[in-house]
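The block underneath contains the structure these notes are about, expressed in C-alpha coordinates.
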Amino acid sequence: MEDIFSFRTTRLSGRPPRPSALGLYRRLFEGTGESDLDRDIQDWDRHRIAPWTLTHAGHDVGVGGFRIGFADEGLEVLFHFVPEVWGQGLSSEFLTAALDYGRQDLRETRFFGRVGADDTASWRVMDKAGFKETGVDETGVRTMRLS
177 MEDIFSFRTT
187 RLSGRPPRPS
197 ALGLYRRLFE
207 GTGESDLDRD
217 IQDWDRHRIA
227 PWTLTHAGHD
237 VGVGGFRIGF
247 ADEGLEVLFH
257 FVPEVWGQGL
267 SSEFLTAALD
277 YGRQDLRETR
287 FFGRVGADDT
297 ASWRVMDKAG
307 FKETGVDETG
317 VRTMRLS
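Start counting the sequence shown at 177; every next residue gets the next number (my numbering).
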(Lines of atoms letter the chains of each structure in order from A; the text may use other names.)
(Lines give C-alpha, C1' and ligand atoms only; values in the text may rest on other atoms or scores of the structure.)
Protein backbone atom coordinates (compact mmCIF):
# COMPACT_ATOMS: atom_id res chain seq x y z
CA MET A 177 0.00 0.00 0.00
CA GLU A 178 2.87 2.43 0.69
CA ASP A 179 3.90 2.25 -2.98
CA ILE A 180 0.75 4.24 -3.81
CA PHE A 181 2.39 7.23 -2.17
CA SER A 182 5.94 6.66 -3.37
CA PHE A 183 8.12 9.44 -4.72
CA ARG A 184 10.84 8.91 -7.32
CA THR A 185 13.47 10.87 -9.17
CA THR A 186 16.22 9.57 -11.42
CA ARG A 187 18.43 8.66 -8.45
CA LEU A 188 16.17 8.90 -5.39
CA SER A 189 13.25 6.89 -4.08
CA GLY A 190 11.02 8.16 -1.31
CA ARG A 191 8.81 6.24 1.07
CA PRO A 192 6.47 7.44 3.80
CA PRO A 193 8.00 8.02 7.24
CA ARG A 194 7.99 4.88 9.40
CA PRO A 195 9.68 3.78 12.65
CA SER A 196 12.39 1.99 10.64
CA ALA A 197 13.81 5.44 9.72
CA LEU A 198 14.64 6.32 13.34
CA GLY A 199 18.41 5.83 12.89
CA LEU A 200 18.45 8.22 9.93
CA TYR A 201 16.34 10.79 11.79
CA ARG A 202 18.62 10.62 14.82
CA ARG A 203 21.60 11.21 12.58
CA LEU A 204 20.06 14.10 10.65
CA PHE A 205 18.22 15.80 13.52
CA GLU A 206 20.52 15.46 16.50
CA GLY A 207 18.55 15.65 19.73
CA THR A 208 15.13 15.86 18.06
CA GLY A 209 15.17 12.87 15.70
CA GLU A 210 12.65 10.77 17.58
CA SER A 211 10.11 13.58 18.02
CA ASP A 212 10.62 14.73 14.41
CA LEU A 213 9.95 11.22 13.14
CA ASP A 214 6.88 10.86 15.37
CA ARG A 215 5.49 14.14 14.00
CA ASP A 216 6.16 13.10 10.41
CA ILE A 217 4.49 9.70 10.91
CA GLN A 218 1.43 11.37 12.43
CA ASP A 219 1.27 13.96 9.63
CA TRP A 220 1.53 11.22 7.00
CA ASP A 221 -1.15 9.11 8.65
CA ARG A 222 -3.50 12.12 8.95
CA HIS A 223 -2.87 14.07 5.74
CA ARG A 224 -0.65 11.94 3.47
CA ILE A 225 1.70 14.93 3.45
CA ALA A 226 5.01 14.64 5.31
CA PRO A 227 8.67 14.30 4.38
CA TRP A 228 9.64 11.03 2.72
CA THR A 229 12.59 8.88 3.75
CA LEU A 230 14.89 9.19 0.73
CA THR A 231 16.96 6.29 -0.57
CA HIS A 232 19.86 6.42 -3.05
CA ALA A 233 21.78 3.37 -4.28
CA GLY A 234 20.02 1.18 -1.73
CA HIS A 235 20.82 3.34 1.30
CA ASP A 236 18.71 5.78 3.31
CA VAL A 237 20.43 9.10 2.66
CA GLY A 238 17.95 11.79 3.54
CA VAL A 239 14.56 13.12 4.47
CA GLY A 240 12.67 15.45 2.19
CA GLY A 241 9.18 16.49 1.30
CA PHE A 242 6.41 18.76 2.49
CA ARG A 243 4.73 19.96 5.63
CA ILE A 244 1.44 21.79 5.69
CA GLY A 245 2.19 25.44 6.45
CA PHE A 246 -0.67 26.15 8.84
CA ALA A 247 0.73 29.55 9.86
CA ASP A 248 2.14 30.29 6.41
CA GLU A 249 0.60 30.21 2.97
CA GLY A 250 1.40 27.14 0.92
CA LEU A 251 3.41 24.03 1.63
CA GLU A 252 6.75 24.04 3.39
CA VAL A 253 9.32 22.12 1.37
CA LEU A 254 12.35 20.71 3.14
CA PHE A 255 15.29 18.43 2.47
CA HIS A 256 18.11 17.07 4.61
CA PHE A 257 20.83 14.69 3.42
CA VAL A 258 23.65 12.83 5.17
CA PRO A 259 27.08 14.41 4.57
CA GLU A 260 28.32 11.42 2.54
CA VAL A 261 26.09 12.43 -0.39
CA TRP A 262 26.59 16.19 -0.26
CA GLY A 263 27.89 17.69 -3.50
CA GLN A 264 26.29 15.05 -5.75
CA GLY A 265 23.35 17.19 -6.86
CA LEU A 266 20.77 15.14 -4.97
CA SER A 267 19.29 18.20 -3.25
CA SER A 268 18.68 19.97 -6.56
CA GLU A 269 17.30 16.80 -8.12
CA PHE A 270 15.01 16.27 -5.15
CA LEU A 271 13.76 19.87 -5.00
CA THR A 272 12.95 20.03 -8.72
CA ALA A 273 11.00 16.76 -8.61
CA ALA A 274 9.29 17.62 -5.30
CA LEU A 275 8.02 20.93 -6.68
CA ASP A 276 6.66 19.12 -9.74
CA TYR A 277 4.96 16.61 -7.43
CA GLY A 278 3.54 19.41 -5.30
CA ARG A 279 2.11 21.20 -8.31
CA GLN A 280 0.77 18.17 -10.15
CA ASP A 281 -0.23 15.69 -7.44
CA LEU A 282 -1.03 18.01 -4.55
CA ARG A 283 -2.33 20.89 -6.71
CA GLU A 284 -0.37 23.48 -4.74
CA THR A 285 1.15 26.60 -6.26
CA ARG A 286 2.66 28.21 -3.16
CA PHE A 287 5.82 26.88 -1.54
CA PHE A 288 8.21 28.13 1.11
CA GLY A 289 11.24 26.81 2.94
CA ARG A 290 13.43 27.68 5.87
CA VAL A 291 17.21 27.70 5.64
CA GLY A 292 19.62 27.79 8.58
CA ALA A 293 21.83 30.83 8.99
CA ASP A 294 25.01 28.97 7.97
CA ASP A 295 23.48 26.67 5.34
CA THR A 296 24.67 28.36 2.16
CA ALA A 297 24.45 25.15 0.12
CA SER A 298 20.70 24.74 0.74
CA TRP A 299 20.19 28.46 0.15
CA ARG A 300 21.88 28.10 -3.26
CA VAL A 301 19.74 25.06 -4.15
CA MET A 302 16.56 26.95 -3.29
CA ASP A 303 17.72 30.11 -5.04
CA LYS A 304 18.52 28.12 -8.18
CA ALA A 305 14.97 26.69 -8.07
CA GLY A 306 13.51 30.21 -8.02
CA PHE A 307 13.01 30.75 -4.28
CA LYS A 308 13.67 34.25 -2.92
CA GLU A 309 14.53 35.20 0.63
CA THR A 310 11.60 36.94 2.30
CA GLY A 311 12.70 37.25 5.90
CA VAL A 312 15.12 36.28 8.65
CA ASP A 313 14.10 35.34 12.18
CA GLU A 314 15.93 36.23 15.39
CA THR A 315 18.11 33.08 15.15
CA GLY A 316 19.19 33.82 11.58
CA VAL A 317 16.93 31.23 9.92
CA ARG A 318 15.91 32.55 6.51
CA THR A 319 12.45 32.06 5.04
CA MET A 320 12.42 31.61 1.28
CA ARG A 321 9.37 31.65 -0.99
CA LEU A 322 8.99 30.47 -4.53
CA SER A 323 8.31 33.50 -6.68
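From the three backbone atoms N, C-alpha and C, an ideal C-beta is built for every residue, glycine too.
Given the structure is predicted, the values throughout are model-derived calculations rather than measurements.
| query | result |
| --- | --- |
| By the 10 Å Cβ neighbour count, where 16 or more other Cβ atoms means buried, how is A293 classified, buried or exposed? | exposed |
| Buried or exposed for D212, please, with buried defined as at least 16 other CB atoms from any protein chain shown within 10 angstroms of its CB. | buried |
| As a quick exercise: from D219, T296, L254, pick the residue whose alpha carbon is nearest that of L204. | L254 |
| Hey, quick one: how far does the beta strand (DSSP E) through R290 stretch, first residue to last? | 287 to 291 |
| Helix, strand or coil for T315, going by three-state DSSP, please let me know. | coil |
| Specify the secondary structure class of M225 as computed by DSSP and reduced to three states. | Position check: residue 225 holds Ile in this sequence, whereas Met was assumed. Coil. |
| Just the C-alpha distance for I225 and R243, rounded to the nearest angstrom, thanks. | 6 angstroms |
| Let me know if S161 comes out buried or exposed under the rule of 16 or more other beta-carbons within 10 Å of its beta-carbon. | Outside the displayed span of the chain (177 to 323) sits residue 161, for which this structure offers no information. |
| Which whole-angstrom value is the C-beta distance of L200 and L266, which I expect to be below 8 angstroms? | Actually they do not touch by this definition, with Cβ atoms about 14 angstroms apart. |
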